[in-house]
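Engineer:
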Amino acid sequence: MAEQSPFQSALADFTYDVASGGAIRHLTDLGYTAKQISEMLSYPTPMKRTQAQMWKRLLETGVILTQEPGSRRESSAFVREYGKYGRTSFRMVSESDPGKTGMGLSERTVRVSEKEQLRSLLSRRIAENGARDSYAACDFGLRSVDASANYQKLLAALDTREREYLEGLPWERSLVYHRLNERMQGILFRLLDAGLWLGDCFFLATGERIHLI
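Numbering-wise, the working numbering comes out as the position in the sequence shown, counting from 1, plus 719.
#1: From this set, CYS920, SER790, ARG928, TRP774, which residue's C-alpha is nearest GLN904's C-alpha?
#2: Give the straight-line distance between the Cα atoms of ASP878 and PHE922, rounded to the nearest whole angstrom.
#3: Quick one: complete beta strand (DSSP E) runs, 3+ long, within the segment 867 to 919?
#4: Do the segment 882 to 893 and the segment 750 to 759 touch if we need at least three Cβ pairs shorter than 8 Å?
#5: Starting from the Cα of TRP916, find the closest Cα among LEU841, PRO788, GLY789, GLY823 and give me that residue.
#6: What are the boundary residues of the alpha helix (DSSP H) that includes ALA753?
#7: Of the choices GLY750, PRO788, PRO763, whose alpha-carbon is the least far from that of ARG776?
#8: Excluding the five sequence neighbours on either side, which residues of its own chain have a C-beta within less than 7 Å of the C-beta of TRP890, listed in chain order?
#9: Can you list, in chain order, the residues of its chain whose CB lies under 7 Å from that of PHE908, leaving out five sequence neighbours each side?
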């Protein structure tokens with residue numbers, strides 16, 4: 720099969736975005752898995768495209784972060800300025816990402832073996848901060864590389880939809896941070912109960928990082 724030209728590739732991307740991109744973004748916001756979304760699309764869309772669009776949407780909405788929550792992130796923007804005689808010009812300035820900058824999170828260490836204490840603590844922190852400002856570090860992309868028995872054990876500890884959600888995302892081969900919404904809370908606590916959870920939790924409203932050992 721001949722390789723697509725850049726134009727053909729761009730045209731295909733545009734076609735799929737018009738036909739199914741909006742639906743994928745909307746259904747991702749509602750919490751559906753890649754498999755569920757694929758089954759609901761009226762326009763036939765390759766699974767890899769669905770997964771890529773889902774991942775992009777989760778990044779856009781802050782459900783997934785690629786930088787540690789609470790770290791300082793800079794972005795650039797243009798500001799309009801007026802000269803002495805009313806002449807307009809634009810200047811690029813750096814600005815911080817609001818709500819997650821320079822927080823200086825305090826750190827608390829908790830042993831994973833103390834399951835009940837940890838579950839209670841995390842539940843309280845999620846309630847205090849709200850899901851929007853609560854994150855968990857996730858290394859699923861790293862752990863799935865070799866499809867080891869340990870990773871299969873991790874998946875087996877989850878219910879059908881939770882496993883479907885994890886397997887349906889194109890996790891980066893690096894540490895990422897997932898908002899502790901209802902689904903991720905379920906995943907977190909199931910893995911915690913099974914002794915399979917690894918990773919820190921971040922609570923931005925109260926400025927706390929819980930380090931699990």
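Yeah, the Cβ is synthetic: ideal placement off N, Cα and C, and Gly gets one too. All figures in this text were calculated on a predicted structure; none of them were measured in a lab.
Structural biologist: The relevant details are as follows:
#1: CYS920
#2: 26 Å
#3: 895 to 898
#4: yes
#5: LEU841
#6: 753 to 759
#7: GLY750
#8: PHE859, GLY860, SER863
#9: ARG838
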